[in-house]
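This report refers to the structure that appears directly beneath it.
Residue numbers (mature numbering (1 follows the signal peptide of the UniProt record, and there is no 0)): -21 to -1, 1 to 146.
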């Protein structure tokens, strides 16, 4: 009887923990086993461990604690990279779903970069960076990123302050 009860609970847990990240899952599913493609997924517990044990400044530690997941997909193979444009391929999917708001768009020659985000009044919950053109990458962050933390980090590390988010 105990096993019969635990089995549905286990399935419920598995199905609720399997989430769909806007456009990210599709990209990772399509490209993850291709030669010349590097995919990295860093779970929150590992990021939080690095925040606890790493030799970091307070702002860096706070920023890491606010991140729950990082996924990166990049195309390293020159031939595959020349035939691919991850930005073109996944921009419409992300844009049409409407879950994420377009935060920043950069077009420079053949390069396209778009940063999408999902935020509430206090923090950015998800951030998706699509890069296409000469370089192809998708970077996905999930967590509770407070704009002040990002601003403090950028102010500290910016050479001339042009990346500063402060007024």
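Even for Gly, the Cβ is constructed at its ideal location relative to N, Cα and C. On a predicted model such as this, the values are computed, not experimentally measured, just so you know.
Candidates the options: closest to residue i by CA position
i, options, result
"residue 21", "60, 63, 51", "51"
"residue 61", "130, 119, 112, 125", "112"
"residue 47", "80, 123, 29, 85", "123"
"residue 67", "40, 128, 93", "93"
"residue 95", "89, 107, 103, 3", "107"
"residue 128", "36, 114, 5", "36"
"residue 3", "100, 83, 79", "79"
"residue 150", "25, 126, 65", "Since the displayed the chain opens at -21 and closes at 146, residue 150 lies outside it and no answer follows."
"residue 88", "77, 114, 73", "114"
Close Cβ partners of residue i (< 8 Å) along its chain, the five nearest in sequence each way excluded
i, result
"residue 11", "18, 52"
"residue -21", "Unreliable placement is indicated for residue -21, whose pLDDT of 44 sits below 50; the coordinate value is still reported in the next sentence. Correct list: empty, nothing qualifies."
Straight-line gap, residue i to residue j (C-alpha atoms, nearest Å)
i, j, result
"residue 43", "residue 130", "14 Å"
"residue 81", "residue 69", "13 Å"
"residue 71", "residue 8", "17 Å"
"residue 206", "residue 32", "Within the shown structure, residues of the chain are numbered from -21 to 146, placing residue 206 beyond reach of any answer."
"residue 13", "residue 59", "9 Å"
"residue 90", "residue 54", "14 Å"
"residue 16", "residue 34", "31 Å"
"residue 142", "residue 57", "Caution applies to residue 142, whose pLDDT of 39 falls short of 50 and renders its modelled position unreliable; the model cannot decide the point."
"residue 83", "residue 75", "17 Å"
"residue 77", "residue 40", "32 Å"
"residue 118", "residue 100", "23 Å"
"residue 27", "residue 102", "18 Å"
"residue 25", "residue 45", "12 Å"
"residue 63", "residue 120", "23 Å"
"residue 38", "residue 73", "31 Å"
Residues of its chain near residue i, where Cβ-Cβ distance is below 7 Å and the 5 sequence neighbours each way are ignored
i, result
"residue 98", "104"
Contact set for residue i: own chain, Cβ-Cβ below 6 Å, skip 5 residues either direction
i, result
"residue 116", "53, 110"
"residue 23", "47, 48"
Cβ distance (whole Å) where residue i is taken to contact residue j below 8 Å
i, j, result
"residue 6", "residue 65", "7 Å"
(message) If we require 3 or more residues per run, which beta strand (DSSP E) segments fall completely within the stretch 75 to 102?
(response) Complete beta strand (DSSP E) runs here, min 3: 80 to 87, 90 to 98.
(message) Please give the ranges of any beta strand (DSSP E) in the stretch 10 to 85, keeping only runs that are unbroken, at least 3 residues long and fully inside the region.
(response) For the stretch 10 to 85, whole beta strand (DSSP E) runs of length 3 or above, ordered along the chain, are 16 to 22, 46 to 54.
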